[in-house]
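Notes follow the structure.
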Amino acid sequence: MKARVLVTLKSAVLDPQGKAIEGALRSLGVPGVSSVRQGKVFDVELDTSDPAKAEATLKDACEKLLANTVIETYRIELVD
């Protein structure tokens, strides 16, 4: 089973890299960008076809390594 884990900063946490990207887009003349928040994406292949087991494994991985849960949130998307 394949999955995607999206990790982003919590909304209350300042995102200096996002602000830098936002400023760079403006200086490059990209119109219509009002805000940017950056994050991380992990594409993971799991040795299971059980969605509940896959989600539990990925939640464990996020809590232990992939996300700093003090300042980040994560979302797990299972892909067929």
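First residue of the sequence shown: 110, per the working numbering; consecutive thereafter.
Where a beta carbon is used, it is the ideal one built from N, C-alpha and C, also for glycine.
Requested in this report: Just the C-alpha distance for residue 115 and residue 159, rounded to the nearest angstrom, thanks.
Outcome: Within the sequence shown, the letter at position 6 stands for residue 115. Within the sequence shown, the letter at position 50 stands for residue 159. About 20 Å.
Query - For residue 157 and residue 134, the rounded distance between their alpha carbons - result: Start at 1 with the first residue of the sequence shown, and residue 134 comes out as number 25. Start at 1 with the first residue of the sequence shown, and residue 157 comes out as number 48. For residue 134 and residue 157, the distance between alpha carbons rounds to 41 Å.
Report task. Excluding the 5 residues preceding and the 5 following residue 150 in the sequence, name in chain order all residues of the same chain whose CB lies nearer than 8 Å to its CB. Result -> The count along the sequence shown starts at 1 and reaches residue 150 at position 41. For residue 150, where only same-chain residues beyond five positions count, the Cβ hits under 8 Å are 113, 114, 115, 116.
Query raised in the report: Among 148, 147, 140, 183, which residue has its Cα nearest to the Cα of residue 164?
Result: Here residue 164 is taken as the residue at index 55 of the sequence shown, counted from 1. For the residues 148, 147, 140, 183, the minimum Cα distance to residue 164 belongs to 183.
Query raised in the report: Which residue's Cα is closest to the Cα of residue 143: 131, 154, 137, 125?
Result: The count along the sequence shown starts at 1 and reaches residue 143 at position 34. Considering only alpha carbons, the answer is 131.
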